[in-house]
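Here is the structure we will look at, set down as structure tokens.
Number of protein chains: 2
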Amino acid sequence: MSMLRINAEYSSDLSQELEELFKALANVNRIVLLYSLSSGEIENISVNEISQIMKLSQPAASQHLKILKSAKILDAKKQGNHIYYNFNQKSLIKHKKKIDFLFTCVLAKCQELENRE
Amino acid sequence: MSMLRINAEYSSDLSQELEELFKALANVNRIVLLYSLSSGEIENISVNEISQIMKLSQPAASQHLKILKSAKILDAKKQGNHIYYNFNQKSLIKHKKKIDFLFTCVLAKCQELENRE
DNA sequence: TTTGTATATAAGTATATACTTATATACTTA
DNA sequence: TAAGTATATAAGTATATACTTATATACAAA
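Listed in order, the protein sequences are those of chains V and C.
To convert, count from 1 in the first sequence and add 621; that's my numbering.
To convert, count from 1 in the second sequence and add 621; that's my numbering.
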């Protein structure tokens with residue numbers, strides 16, 4: 622069985638997972654939000670605070686948060702009247718591994734082609 | 622100057638670059654193509670061959686290739702009547718670093734929050 | 001209870017994306 | 001030069017995305 626055949630088998634599921642992940646990340650507002658959350662001092666951050674950081678309306682922010690939560694980039698916990706968003710660490714580690722795998726495959730091929738010359 | 626302030630300065634440009642990169646990657650056909658190119662035996666691959674691999678029409682494949690080339694994921698070289706696509710190694714290494722930086726920031730924050738408990 | 005606050009969701013709209021078919025461009029070869 | 005091949009681009013269309021405004025839901029506090 623050739624590499625291409627093997628690849629065709631695993632790549633379908635993994636590629637679809639990566640598509641979902643990349644789609645969730647493919648928005649500058651959401652990327653800036655992730656950086657802001659990374660550097661922010663506030664541990665538990667509410668939707669209203671996030672909408673202020675993002676300079677977006679509450680519904681717009683809420684919709685972005687839904688996308689990030691669906692993609693398991695963020696996690697939400699309800700506390701009384703507020704919903705606090707945080708990183709989904711466990712899932713983010715898995716996401717990172719998927720991306721690393723893609724780039725490892727691609728860059729390994731680059732290296733192989735370079736060595737052939 | 623707080624981290625948030627510093628962040629606000631660098632994140633704008635970098636975030637926009639990441640958005641473009643993630644958008645280019647946010648399509649399962651393109652992701653599968655990257656895996657196929659990674660594992661394929663053919664070094665120089667033409668648009669027609671790619672459209673067959675992708676199971677898409679020639680114009681559709683051409684449009685995907687344009688997106689991947691614009692995002693500096695692939696590179697094209699013309700040879701006679703054919704245009705051969707290959708990975709843009711130099712740029713891919715830079716792309717990987719940008720993604721790594723994002724995840725490093727995010728996962729460092731995760732770790733920090735975990736240690737606080 | 002009633003009122004206020006926090007958040008989500010629904011519906012509408014403008015723009016982006018991913019295809020299609022048709023055609024243009026560039027090169028090759030008879 | 002004419003005809004064929006490889007690729008890109010243009011135009012059209014269906015669907016997705018990212019907002020908007022209006023409204024629903026869930027909880028808190030008076």
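Ideal Cβ placement from N, Cα and C applies to all residues, glycine included.
The structure presented is a predicted model; accordingly, all values stated were derived computationally and were not measured.
Three-way DSSP call (helix, strand, coil) for residue i in this model
i	result
Lys699(C)	strand
Ile688(V)	helix
Ser672(V)	helix
Asn707(C)	strand
Ile666(V)	strand
Lys693(C)	coil
Ser655(C)	Contrary to the premise, residue 655(C) reads as Leu rather than Ser in this sequence. Three-state result, Leu655(C): helix.
Ala647(C)	coil
Ser739(C)	Outside the displayed span of chain C (622 to 738) sits residue 739(C), for which this structure offers no information.
Leu723(C)	helix
Ser678(C)	coil
For residue i, the nearest candidate out of the options (CA to CA)
i	options	result
His703(V)	Met675(V), Lys719(V), Ile666(V) and Leu728(V)	Ile666(V)
Leu734(C)	Lys687(V), Lys690(V), Lys718(V) and Phe708(V)	Phe708(V)
Lys644(C)	Val668(C), Gln700(C), Gln673(C) and Lys687(C)	Lys687(C)
Ser633(V)	Leu646(C), Leu728(C), Leu695(C) and Tyr656(C)	Tyr656(C)
Phe722(C)	Ile652(V), Ile674(V) and Ser636(V)	Ile652(V)
Asn650(V)	Glu638(V), Glu664(V) and His685(V)	His685(V)
Leu713(C)	Ile694(C), Leu658(C) and Thr725(C)	Ile694(C)
Residue burial classification, residue i (beta-carbon count within 10 angstroms, cutoff 16)
i	result
Lys730(C)	buried
Ala681(V)	exposed
Ser691(V)	exposed
Ser678(V)	exposed
Glu640(C)	buried
Arg737(C)	exposed
Asn648(C)	buried
Ile674(C)	buried
Ile582(C)	In the structure displayed, chain C extends from 622 to 738; residue 582(C) sits before or after that span and is not available.
Chain V residues whose Cβ lies nearer than 7 Å to that of residue i
i	result
Ser636(C)	Val649, Ile652, Val653 and Tyr656
Glu640(C)	Ala647, Asn648, Val649 and Ile652
Contact set between residue i and chain V, taken where Cβ atoms lie within less than 8 Å
i	result
Ser659(C)	Asn628, Cys726, Val727, Ala729 and Lys730
Glu670(C)	Neighbours of Glu670(C) on chain V: none; closest Cβ ~12 Å, over 8 Å.
9 Å Cβ cut-off: residues of chain C touching residue i
i	result
Lys715(V)	Near Lys715(V) there are no residues of chain C at all, since even the closest Cβ is about 11 Å away, more than 9 Å.
Under 7 Å from the C-beta of residue i: neighbouring residues of chain C
i	result
Lys644(V)	Ala647
Ile720(V)	Ile720
Gln700(V)	Those within 7 Å of Gln700(V) in chain C number zero; the least Cβ separation is about 16 Å.
Beta-carbon neighbours of residue i, restricted to chain V and to distances below 9 Å
i	result
Gln673(C)	Correct list: empty, because the minimum Cβ distance to chain V is about 12 Å.
Problem - Cβ-based contacts, 7 Å cut-off: residues of the stretch 675-695 of chain V near chain C - result: none
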